[in-house]
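A.B. asks: Protein chains in written order, with UniProt numbering: chain A, 1 to 428; chain B, 1 to 428.
Glycine included, every Cβ here is placed at the ideal spot set by N, Cα and C.
Here it is, the structure in full.
Dropping the structure here:
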């Protein structure tokens, strides 16, 4: 049978894994799709660079356009990263009727609707399983596995770097700075870690999951984000004492026809399945009206896990190619986008305050919560170990995001509060 | 657009859920498939029976053939259960060019290859996501999500009844008999619980998962089975003391081109993701050469979770119908079936012996292990609390199934051993 020819944009970590799988599992793959799959051309930054795999030099080019314009090539796998230039490549490839497999979360979160629309116009497939949670087939699961259900909540540990950092801080009592440095040395964190630690990477992935889960066109700007750079080992120790683990959670939740998506460090009760997801692993917890609680766990990044998802998408494209049905199964998000007001988003909160150690302080503070209708699940006042302040540790019942905001604003004006030390969402 | 008409065989727990979802999510479903989906006819045992949902009496029939022979019906959903008679219905429906969605693990485990061949011959779809692990889309995951990978190991908690029993025994220290009775009262166990507690139900599901994971035609007879009816609360207490939870695990594992599938009560180390899967929940742990460790968790049974999978399959059938590609994506298992010899299957073991409390006994017992080349990770001898015997608790290193069999056979002949109290596989 006529082989299917594939062009690869990028031969970094994931690209290398893709070559390994396509070559190593060639027999298995061709049994499934009915013909050989050949990686015909590969665009790289530098042809001369040393690589851990052998690739025919004749297949390499430093010009991505050469791959995109090759009329022999049916499918483009994009694993080079980047946004604006890469979008241009992908749009041109689609224009030429080529199908796309991409691992590019930034592109899909920022310009997903544009490239998906172009793909539909040209009756091309564009698959992006590897863009979220590496080897976990969560995109397929949301599109196909739960096509019948109404998803009400998606909670994800979708950034391995921050989960590695928080796990180490929790297990070893180490500081954020120490563990970040270790993560950088191990290659788990970039030299500029901003995108990971400030939650931006997780927010992009949550925008993609929200779009699929709620079948509505979620954009990055719809996601509220706060990162982990201010989480201290003291906070984590408090969390553990109360029976929680600290996790950077992306939480997409729907009430009626409105939804909200928030990424923030969250105290997760130890019994919750997400609490024991450790190290660089990822997990996505999905709640559907009919299916109830589910969770999907696996490696969120890395050469081979991510390549598994890329090549599974390639198999899907080639099967569609054989059947002549590429681009015909895409679902355009059909639900209008309505973001919930902060008045309608409820969660529990952990609040740690440093206050003057004198009579009546606790009364004034609890009075503020009462004023804004936030009821409290537990309150502990204790002397601080290192300075003359007292510490007040409060866990609220479910409170609206808006009310909590007002409470915290009010606290800024209270002279008895020396410092709002930490505020975290609490789940489970 | 012309509606797609569906015939339903069975209106028990799952069938009721299917009606609820198809009616309740009609708008969402028709957005995805491009036309309404109508449940046209329903075969039931007794038309007069009280039901928790309203169904037009005109749609009901007590004759399944009436549904199967209706030329208006495109898709048959089989949720009536049973094997021989049901197979006849399904084969006849396929003969008439109708597509099948079934939740019937017994049928698929016993006659899967026959009905799949018939479906291929007639270019019909037959999907069976709901047959394993209820609401968890594990079948899709193995077929599509991991199409690119070589699966080396599948470990499943795929029977909710036994997981409920073992969880209760572990959490409350209750006896097997007490908890079984409670499970029966709650409707989690049948009045004749044999199929669940003796591991047969799990074996059927593992035969299905093994077929998909190893792309080889696994039959029920290829699965070795032992159930939980001999597990005592004492055994579970021992497991916990050593850092394990007792679970009924189905384990399908591959070495080279050979595989083995075993269902047995297993001590799972507490840190393993399967150890904290409790109650009626199911989970399937999958290890692939490229993707590494993954786990999929959710409700293994119940009206709505199982119906979620059934209706997701229905959506897939209808999408294929619109594209005219039904039956064209099926993969016939292409790997020849080679079952590993017991000499080549290695795992750790827990052994609890009651022995004479006198000098030299431990030496004789450890001598037997040495003779058959089984090395020991830990050995503890202690007096039994209620009788004059001593207890010896042994955990082995990895040992071949064949060697362990010989050790245990030899133990039967040793006069110093009063009783081989328990033997369990150990994982993690």
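Could you give the residue range of the beta strand (DSSP E) that holds residue 297(A)?
C.D. replies: Unbroken beta strand (DSSP E) run through residue 297(A): 292–299.
A.B. asks: Could you name the residues of chain A that residue 359(B) contacts, counting a contact when the two beta carbons are closer than 9 Å?
C.D. replies: Under the 9 Å cutoff, chain A gives no residues; its nearest Cβ is about 46 Å from residue 359(B).
A.B. asks: Alpha carbon to alpha carbon, how far is residue 315(B) from residue 78(B)?
C.D. replies: Rounded to the nearest angstrom, the two C-alpha atoms are 15 Å apart.
A.B. asks: Find the residues of chain B that neighbour residue 331(A), judging by a C-beta separation of less than 9 Å, and give them in chain order.
C.D. replies: The answer, in chain order, is 31 and 32.
A.B. asks: Against chain A, with Cβ distances strictly below 8 Å, would residue 265(B) count as a contact?
C.D. replies: No, residue 265(B) does not count as interfacial toward chain A.
A.B. asks: Report back the beta-carbon spacing between residue 246(B) and residue 267(B) to the nearest angstrom; my notes put them in contact at under 8 Å.
C.D. replies: That belief holds up - the Cβ atoms of residue 246(B) and residue 267(B) are roughly 6 Å apart, short of 8 Å.
A.B. asks: Would you give the residue range spanned by the beta strand (DSSP E) that residue 215(A) belongs to?
C.D. replies: No beta strand (DSSP E) contains residue 215(A), which DSSP labels as neither H nor E.
A.B. asks: For residue 52(B), is the classification buried or exposed, using 16 other Cβ atoms within 10 angstroms of its Cβ as the cut-off for buried?
C.D. replies: So residue 52(B) counts as exposed.
A.B. asks: Taking its Cβ as the centre, do 16 or more other Cβ atoms sit within 10 Å of residue 297(B), making it buried, or is it exposed?
C.D. replies: Flag for residue 297(B) reads buried.
A.B. asks: If you drop the 5 nearest sequence neighbours on each side, which residues of the same chain put their C-beta closer than 6 Å to that of residue 350(A)?
C.D. replies: Cβ within range, chain order: 267, 395, 424 and 426.
A.B. asks: Against residue 25(B), what residues of chain A qualify as contacts under a CB-to-CB distance less than 7 Å, listed in chain order?
C.D. replies: Going along chain A in sequence order, the residues near residue 25(B) (Cβ under 7 Å) are 148 and 150.
A.B. asks: Would you kindly work out how many angstroms separate the C-alpha atoms of residue 219(A) and residue 207(A), rounded to a whole number?
C.D. replies: Taking the straight line from one Cα to the other gives about 6 Å.
A.B. asks: Taking the C-alpha atoms as reference points, what is the distance between residue 276(A) and residue 360(B)?
C.D. replies: Taking the straight line from one Cα to the other gives about 45 Å.
A.B. asks: What's the gap between the Cα of residue 429(B) and the Cα of residue 229(B)?
C.D. replies: This structure leaves residue 429(B) out entirely; chain B is present only between 1 and 428.
A.B. asks: Looking only at C-alpha atoms, which of 358(A), 370(A), 115(A) and 372(A) sits nearest to residue 384(A)?
C.D. replies: If we check each option's Cα against that of residue 384(A), 358(A) comes out closest.
A.B. asks: Would you verify that the beta carbon of residue 226(B) is, or is not, closer than 8 Å to some beta carbon of chain D?
C.D. replies: You won't find chain D in this structure, because its protein chains are A and B.
A.B. asks: Within its chain, find whatever has a CB closer than 7 Å to the CB of residue 398(B); leave out the 5 residues flanking it on each side and keep chain order.
C.D. replies: Excluding residues within five positions, the ones whose Cβ falls inside 7 Å are 346, 347 and 348.
A.B. asks: Give the secondary structure of residue 64(B) by DSSP, where H, G and I count as helix, E and B as strand, and everything else as coil.
C.D. replies: Helix.
A.B. asks: Give a yes or no on whether 8 Å exceeds the smallest Cβ distance from residue 248(B) to chain A.
C.D. replies: Not closer than 8 Å to any Cβ of chain A, the Cβ of residue 248(B) fails to qualify, so no.
A.B. asks: Please name the residue in 318(B), 262(B), 135(B) and 30(B) whose C-alpha comes closest to that of residue 307(B).
C.D. replies: The shortest Cα separation from residue 307(B) among 318(B), 262(B), 135(B) and 30(B) belongs to 135(B).
A.B. asks: With a cut-off of 8 Å, do at least 3 Cβ pairs link the region 408–419 of chain B to the region 361–369 of chain B?
C.D. replies: The region 408–419 of chain B vs the region 361–369 of chain B: in contact.
A.B. asks: Specify, as a first and last residue, the run of the alpha helix (DSSP H) that residue 272(A) falls within.
C.D. replies: Counting along the chain, residue 272(A) falls outside any alpha helix (DSSP H), and DSSP gives it neither H nor E.
A.B. asks: Give me the Cα-Cα distance between residue 286(B) and residue 195(B), rounded to the nearest whole angstrom.
C.D. replies: Straight-line Cα distance between these residues: approximately 25 Å.
A.B. asks: For the region 296–310 of chain A, which residues have a CB atom closer than 7 Å to at least one CB atom of chain B, in sequence order?
C.D. replies: Within the region 296–310 of chain A, the residues whose Cβ lies closer than 7 Å to some Cβ of chain B are 296, 297, 298, 299, 304, 305, 307 and 308, listed in chain order.
A.B. asks: Residue 317(A) to residue 133(A), Cα distance in whole Å?
C.D. replies: Their Cα atoms are separated by approximately 20 Å.
A.B. asks: Take residue 141(B) as the anchor and find which of 288(B), 356(B) and 200(B) has the nearest alpha-carbon.
C.D. replies: Of 288(B), 356(B) and 200(B), the residue nearest in Cα terms is 288(B).
A.B. asks: Please confirm if residue 170(A) has its CB atom under 8 Å from at least one CB of chain B.
C.D. replies: No - not a single Cβ of chain B is within 8 Å of the one on residue 170(A).
A.B. asks: Between which two residues does the beta strand (DSSP E) harbouring residue 1(A) extend?
C.D. replies: Per DSSP, residue 1(A) belongs to no beta strand (DSSP E) and is neither H nor E.
A.B. asks: Put residue 400(A) into one of helix, strand or coil per three-state DSSP.
C.D. replies: In this structure, residue 400(A) counts as strand in the three-state DSSP scheme.
A.B. asks: Any idea what DSSP makes of residue 158(A), helix, strand or coil?
C.D. replies: Coil, per DSSP.
A.B. asks: Could you check how far apart the C-beta atoms of residue 116(A) and residue 330(A) are, in whole angstroms? I think they sit under 8 Å.
C.D. replies: Correct: roughly 7 Å between the Cβ atoms.
A.B. asks: Check the Cβ-Cβ distances between residue 328(A) and every residue of chain B, and say whether any is below 8 Å.
C.D. replies: It does: the Cβ of residue 328(A) has a partner Cβ on chain B nearer than 8 Å.
A.B. asks: Output needed in chain order: residues of the region 193–222 of chain B with a Cβ under 8 Å from some Cβ in chain A.
C.D. replies: Under the 8 Å Cβ criterion, the region 193–222 of chain B contributes 215.
A.B. asks: Give me the residue from 41(B), 42(B) and 57(B) with the minimum Cα distance to residue 48(B).
C.D. replies: For the residues 41(B), 42(B) and 57(B), the minimum Cα distance to residue 48(B) belongs to 57(B).
A.B. asks: Work out the CA separation of residue 227(A) and residue 256(A) for me, nearest whole Å.
C.D. replies: Residue 256(A) and residue 227(A): Cα-Cα distance of roughly 28 Å.
A.B. asks: Buried or exposed for residue 1(B), please, with buried defined as at least 16 other CB atoms from any protein chain shown within 10 angstroms of its CB.
C.D. replies: It counts as exposed.
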